[in-house]
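Reading through the structure tokens given below for one structure.
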Amino acid sequence: MKGAGKWLALVGGFVLCLAVAALIVAFKVRDSARDESRWLVSDMWQAEYFNRARQRIPENEAINILSLRPGASRREKLLTYVASHQCGEAEARCRLNELSSANLLVDRGELDSALNLLASAVLQLDKTGDCAIGVESSLLRYHEAKLQAQSPAEARVAAAGLIVNIRTKGGLMRNLRTDACNVLARQKPDLFHTYVVLVGRVMQQGKPSLFKQGAFIDSTNKLDF
34 MKGAGKWLAL VGGFVLCLAV AALIVAFKVR DSARDESRWL VSDMWQAEYF
84 NRARQRIPEN EAINILSLRP GASRREKLLT YVASHQCGEA EARCRLNELS
134 SANLLVDRGE LDSALNLLAS AVLQLDKTGD CAIGVESSLL RYHEAKLQAQ
184 SPAEARVAAA GLIVNIRTKG GLMRNLRTDA CNVLARQKPD LFHTYVVLVG
234 RVMQQGKPSL FKQGAFIDST NKLDF
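Sequential numbering from 34 applies to the sequence shown in the working numbering.
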């Protein structure tokens, strides 16, 4: 019995050592992911935006955020709202609803139709000089859907390219590191938080170093809309 007790004690000690080692590794991985994602989570704009909800946002902006979520096209109330607010005027509210429509098309897998709407929104945006956070968020949702349709190897390469563009150029098609975006990030951090979450989802389609950053962003996301 004494021998069995010693054996059990040795096994227990070994298991405890493994658990402690696993915790140490987990903390190191988390610290590394936090440091490597700081360029996006903390430094992208001159504002506090990740996990910072300033106030209740307008209904059309909340709808747009919801439309960027996977499964959005299965939410009947969301579909009804977007369909009933279609308009053709060159106003921000019309452009935002157009982006929400594109997001719903992406969620249904109608990527070509979604891309046509996004192209139209970009043209309208270029006339105003507004911060392109809405368009860039929709483009990320579009690319996320494309990545999911690719093989894992293809998706890893494509995801890396997207993140390089964002990190070096400030966006996929338009630079988001502008004075206009800094101002808007202070006024409406919810929109920029959503963008960071989208980038994190794209990261999780990439190679392990990118996946780690994306998983960290996902695990520290505290806002829900």
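Ideal Cβ positions, reconstructed from N, Cα and C, are used throughout, including at glycine.
Is the CB-CB distance between V230 and L73 below 7 Å?
-> Cβ atoms of V230 and L73: not closer than 7 Å.
Examine the Cβ distances between the stretch 236-253 and the stretch 108-120 and report whether three or more of them are shorter than 8 Å.
-> Fewer than three beta-carbon pairs drawn from the stretch 236-253 and the stretch 108-120 are found closer than 8 Å, and the two stretches are therefore not classed as touching.
Quick check: the stretch 152-167 against the stretch 183-197, are there 3 or more CB pairs under 8 Å?
-> Counting C-beta pairs closer than 8 Å gives fewer than three between the stretch 152-167 and the stretch 183-197, which falls short of the contact rule.
Inter-residue Cα distance where the pair is N186 and H226 = This sequence places Ala at residue 186; Asn is not what is there. Approximately 28 Å, taken between the alpha carbons.
Pick from A86, A182 and S134: whose alpha carbon is nearest that of R102?
-> When only C-alpha atoms are compared, the closest one is S134.
Contact check, A66 vs K221, beta carbons under 7 Å = Not closer than 7 Å, so no.
Among residues of its own chain, excluding the 5 on either side of N215, which ones have a beta-carbon nearer than 8 Å to its beta-carbon?
-> Same-chain partners within the cutoff: W78, Q79 and A80.
For D145, count neighbouring C-beta atoms within 10 Å of its own C-beta (all shown protein chains included) and say buried if the count is 16 or more, exposed if not.
-> D145 counts as exposed, since fewer than 16 other C-beta atoms from the protein chains shown sit within 10 angstroms of its C-beta.
Around the Cβ of C120, are there at least 16 other Cβ atoms within 10 angstroms (buried) or fewer (exposed)?
-> Here C120 is exposed, its C-beta having fewer than 16 other C-beta atoms within 10 Å.
Please report how far the alpha carbon of L132 lies from the alpha carbon of N93, in whole angstroms.
-> N93 has its alpha-carbon roughly 11 Å from the corresponding atom of L132.
Ordered along the chain, which non-local residues of its own chain (more than five positions away) have a Cβ less than 6 Å from that of D251?
-> Excluding positions up to five away in sequence, the list reads G233.
Taking the alpha carbon of Q181 as the point to measure from, which residue in L148, I166 and V139 has its own alpha carbon closest?
-> Nearest option by C-alpha distance: V139.
DSSP three-state call for D68: helix, strand or coil?
-> The answer is helix: DSSP assigns D68 an H, G or I state.
Have a look at A86 and S184 and give me their C-alpha separation to the nearest angstrom.
-> Between A86 and S184, the C-alpha separation is close to 36 Å.
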